[in-house]
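Chemist: The listed protein sequences correspond, in order, to chains A and F. Per numbering that gives the first Met the number 0, the first sequence runs over residues 0 to 242. Per numbering that gives the first Met the number 0, the second sequence runs over residues 0 to 90. Please read through the structure below; I'll follow up with questions.
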Amino acid sequence: MNHRVILITGANGGLGQAIARAFLNESPDNFLWLGVRQRRDAAEKLAAEFPDRCEIAALDVTQPEAWRALVERIVERHHRLDVLVNNAGFHADSLLAQMQPEAWHGVLATNLDGTFHGCQAVLPTMISQRHGRIVNIASLSALAAPAGQANYAAAKAGVVALTQSLAKEIARIGITVNAVCPGFIETGSLAPLDTEARKTMVARIPMRRVGRPDEVAAAVRFLACSDAGYITGSVLKVDGGIL
Amino acid sequence: MENRDELRRRIKVMIVENLMLQVTAGEIDDHQPLFGPGSLGLDSVDALQLVVAMEKHFGLKIADQGIARRVLQSVDTMADAIQNGPPANAP
Numbered sequence: 000m001n002h003r004v005i006l007i008t009g010a011n012g013g014l015g016q017a018i019a020r021a022f023l024n025e026s027p028d029n030f031l032w033l034g035v036r037q038r039r040d041a042a043e044k045l046a047a048e049f050p051d052r053c054e055i056a057a058l059d060v061t062q063p064e065a066w067r068a069l070v071e072r073i074v075e076r077h078h079r080l081d082v083l084v085n086n087a088g089f090h091a092d093s094l095l096a097q098m099q100p101e102a103w104h105g106v107l108a109t110n111l112d113g114t115f116h117g118c119q120a121v122l123p124t125m126i127s128q129r130h131g132r133i134v135n136i137a138s139l140s141a142l143a144a145p146a147g148q149a150n151y152a153a154a155k156a157g158v159v160a161l162t163q164s165l166a167k168e169i170a171r172i173g174i175t176v177n178a179v180c181p182g183f184i185e186t187g188s189l190a191p192l193d194t195e196a197r198k199t200m201v202a203r204i205p206m207r208r209v210g211r212p213d214e215v216a217a218a219v220r221f222l223a224c225s226d227a228g229y230i231t232g233s234v235l236k237v238d239g240g241i242l
Numbered sequence: 000m001e002n003r004d005e006l007r008r009r010i011k012v013m014i015v016e017n018l019m020l021q022v023t024a025g026e027i028d029d030h031q032p033l034f035g036p037g038s039l040g041l042d043s044v045d046a047l048q049l050v051v052a053m054e055k056h057f058g059l060k061i062a063d064q065g066i067a068r069r070v071l072q073s074v075d076t077m078a079d080a081i082q083n084g085p086p087a088n089a090p
């Protein structure tokens, strides 16, 4: 398919930016909607670089009404929506015994509820098209459940389960739903690590290096392409071999 | 208003095409249940597709599952909803 309309949430972050670039490089006919919440500087830079192929949209992924309005706007303009990448997310780590309820609910709301609302918002359009690709960004934490990330691990494990359940529901309609689980990736989330912590982290990775955002983006782009048409409900780790 | 027989025929075609059924539109009876024993054998995913298709083809928006259950009983009840609007949901 030459012309595809793609919606990426969390498009201002390092991973969102890499995913957007992967789709921009895939075809000159791809059109991207960049969902952003508060910060939008990086998304604006990208949109300025590709003014005819990107549109920035304010989107609080925790709000179903905001999702509905955005999808309506996209469909009004393009009469289709081919790909949704649920990438918006954040973590607020602490030991569970000390975790503030706000940290629990906030992480669940953005990472898990946001993915639920996104999938629900695009389904009528994708069902009507009898075609669609949904790629949910989960995390290695969903599978490894590290200490200090009870909220994030639970949210991302929920994303994995949601992905697998939804994939079964809509497989026959021609819509695929897959999850990508990045490991340690060179994005802003690693910035707080000091040199020692970074060394310890890298020592745990069989490839002895952290991943690049474009390496995760390549997996996302693959799961969204026509060659991946028979892949649904899969959970693809991009982690340098940790698990 | 559209002829009732023609409307039912269009609904049957929509059902067969959207759900890729192995029967022809002509083999579906107007009052044949869509779900359950002695029915066309549809399931909840089929119902989801029909709700979307009803809006796309006939402009009928079905707001919730309760109303969908009442509308999607047979081709005839679907025709009723298209011609008269969806039934109010039971409290």
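Don't be surprised by glycine CBs; every beta carbon is placed ideally from N, CA and C.
Anything in chain F within Cβ reach of A/P123, meaning under 7 Å, just list it in chain order.
Modeler: In the first sequence, the residue the question calls residue 123 of chain A occupies position 124. The contacting residues are V51.
Chemist: With a threshold of 16 other CB atoms inside 10 Å of the CB of A/K236, please say whether the residue is buried or exposed.
Modeler: Taking the first residue of the first sequence as position 1, residue 236 of chain A is located at position 237. Buried is the call here.
Chemist: Output yes or no for whether 9 Å exceeds the beta carbon distance between A/I136 and A/C118.
Modeler: Reading the first sequence from its first residue, position 137 is the one you call residue 136 of chain A. Reading the first sequence from its first residue, position 119 is the one you call residue 118 of chain A. No, Cβ-Cβ distance for A/I136 and A/C118 is not below 9 Å.
Chemist: Among A/V4, A/A108, A/L95, which one has its Cα closest to the Cα of A/E75?
Modeler: Translated into the one-based positions of the first sequence, residue 75 of chain A becomes position 76. Considering only alpha carbons, the answer is A/V4.
Chemist: Please report the distance separating the alpha-carbon of A/L222 from that of A/N177.
Modeler: Position 223 of the first sequence, counted from the start, is the residue given in the question as residue 222 of chain A. Position 178 of the first sequence, counted from the start, is the residue given in the question as residue 177 of chain A. Straight-line Cα distance between these residues: approximately 7 Å.
Chemist: Cβ of A/L14 within 9 Å of Cβ of A/P145?
Modeler: Counted from its first residue, the first sequence places residue 14 of chain A at position 15. Counted from its first residue, the first sequence places residue 145 of chain A at position 146. Cβ atoms of A/L14 and A/P145: not closer than 9 Å.
Chemist: Taking a Cβ distance cut-off of 8 Å, strictly less, list which residues of the segment 161 to 175 of chain A are near chain F, in chain order.
Modeler: Answer set for the segment 161 to 175 of chain A: E168, I169, R171, I172.
Chemist: Answer with yes or no whether the minimum CB distance from A/F126 to chain F is below 9 Å.
Modeler: Reading the first sequence from its first residue, position 127 is the one you call residue 126 of chain A. The sequence given here has Ile at residue 126 of chain A, not Phe. So yes, A/I126 belongs to the interface.
Chemist: Closer than 6 Å by C-beta to A/A218: which residues in its own chain qualify, once you throw out the five before and the five after it? Chain order, please.
Modeler: Start at 1 with the first residue of the first sequence, and residue 218 of chain A comes out as number 219. Same-chain partners within the cutoff: V179, L235, V237.
Chemist: Which residues bound the alpha helix (DSSP H) around A/G117?
Modeler: Counting from one through the first sequence, the residue named residue 117 of chain A turns up at place 118. 113 to 128 is the extent of the alpha helix (DSSP H) around A/G117.
Chemist: Quick check on this structure: which residue in A/N85, A/A160, A/I126 has the alpha carbon closest to the alpha carbon of F/N17?
Modeler: Taking the first residue of the second sequence as 1, we reach residue 17 of chain F at position 18. Of the listed residues, the one whose Cα sits closest to F/N17 is A/I126.
Chemist: How would you call A/Y151, buried or exposed, if buried means at least 16 neighbouring beta carbons within 10 angstroms?
Modeler: Stepping through the first sequence from its first residue, residue 151 of chain A is reached at position 152. Answer is buried; the Cβ neighbour count reaches 16.
Chemist: To the nearest angstrom, report how far apart A/D92 and A/R79 are at their CA atoms.
Modeler: The sequence position of residue 92 of chain A within the first sequence is 93, counting from 1. The sequence position of residue 79 of chain A within the first sequence is 80, counting from 1. The straight-line gap from Cα to Cα measures roughly 38 Å.
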